[in-house]
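Residue numbers (this note's numbering): 17 to 308. Take a look at the structure below.
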């Protein structure tokens, strides 16, 4: 999806930095998401994906840089104002109290209520519809703590949908889900009408559902572009340090396969980073071994 850069971004990060003590986790991240896009954040474990998203939804605060949400300064917003624009689904949570599934999903309505306002008929109807869409209607009275990991993930995405926000931020949304529910959840998110930012571990899911991808490695954006332009064997070798094969399936979507016996030698600590990959440069880079 190619949108004009003059249009106000739904989420924009400029030179965001974050670290703990002497360790710099995010090292000047630039990131932009346009209205209606589904943008995936990919990269190896420890690359900074979850840390970046936590800065976006203000669990963490950047030590430098700018963050805007729908054109307004995100860091200056109240949590309530942010929650009316942006819903978050993080990885599986443990509840302090054993709420039912329906009660957890209903919590998504709190950002829309005044102090002490009770659940309305409209709230209950909306939550019932979302429970049905997410395949949770039969579990509505069951305690959240008794659910499987995959069921908990579906409850958390249902709660995020109940907020009815313009933007969804998802951190590894398909963790703990079997293949059927991975696909159902991604279809549900894509069809939600929201602008979506998701950290995604599975590159095949990222390729199938995302309009664009940003790749993080060692706290730096090392690539950006459409999946078909970005996910090349050379790029995957550089970022994930493995040998890969990228094929096109019968439906036109990408299929990424890895060779377990062909793990690239790891770049020595402190050595220079590899090249930045962008959609505009991808044709020239396609099939060309990355520099070491």
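The beta-carbon is built from N, C-alpha and C at its ideal position, and this holds for glycine as well. Quick caveat: nothing in here was measured; it's all calculated off a predicted structure.
Exercise. Just how far apart, CA to CA, sit residue 135 and residue 66?
Worked result: 32 Å
Exercise. What did DSSP end up calling residue 30 once you bin it into helix, strand or coil?
Worked result: strand
For this session: Mind checking who residue 241 pairs with in its DSSP beta bridge?
Result: 229
Exercise. Taking Cβ positions, are residue 185 and residue 49 nearer each other than 7 Å?
Worked result: no
Problem set entry | Candidates 54, 216 and 176, of which the one nearest residue 63 by Cα | 216
For this session: Tell me where the beta strand (DSSP E) around residue 114 begins and ends.
Result: Residue 114 -> no beta strand (DSSP E), and no H or E assigned at all.
Exercise. Residues in its own chain within less than 8 Å of residue 300 by CB, not counting five upstream and five downstream?
Worked result: Per-residue confidence for residue 300 stands at a pLDDT of 37, beneath the threshold of 50, marking its modelled position as unreliable; the derived number appears in the next sentence. If we look at residue 300 and ignore the five residues flanking it on each side, it has no Cβ neighbours.
Problem set entry | Inside the segment 131-201 only - beta strand (DSSP E) runs reaching at least 3 residues | 183-187
Exercise. Is there contact between the segment 91-104 and the segment 117-132, where contact requires at least three CB pairs shorter than 8 Å?
Worked result: yes
Exercise. Roughly how many angstroms separate the alpha carbons of residue 295 and residue 181, rounded to a whole number?
Worked result: For residue 295, the predicted structure reports a pLDDT of 48, less than 50, and the residue's modelled location is therefore unreliable. A value from the coordinates is still provided. Between residue 295 and residue 181, the C-alpha separation is close to 29 Å.
Exercise. Do you know offhand how far residue 167's Cα is from residue 210's?
Worked result: 22 Å
Exercise. How would you call residue 157, buried or exposed, if buried means at least 16 neighbouring beta carbons within 10 angstroms?
Worked result: exposed
For this session: Pick out whichever of 262, 234, 240 and 237 has its Cα sitting closest to the Cα of residue 249.
Result: 262
Exercise. Looking only at C-alpha atoms, which of 227, 256 and 96 sits nearest to residue 270?
Worked result: 227
Exercise. So is residue 276 buried or exposed if we call it buried at 16+ other beta carbons inside 10 Å?
Worked result: exposed
For this session: Less than 8 Å between the CB atoms is what I'm expecting for residue 46 and residue 30, so what's the real figure, rounded?
Result: 6 Å
For this session: Taking only the alpha-carbon atoms, compute the straight-line gap between residue 235 and residue 34 and give it to the nearest angstrom.
Result: 9 Å
Exercise. Can you name the residues that DSSP bridges to residue 89?
Worked result: 84
Exercise. From the DSSP output, which residues share a beta bridge with residue 55?
Worked result: 213 and 228
Exercise. How long is the line joining the alpha carbons of residue 165 and residue 229, rounded to whole angstroms?
Worked result: 27 Å
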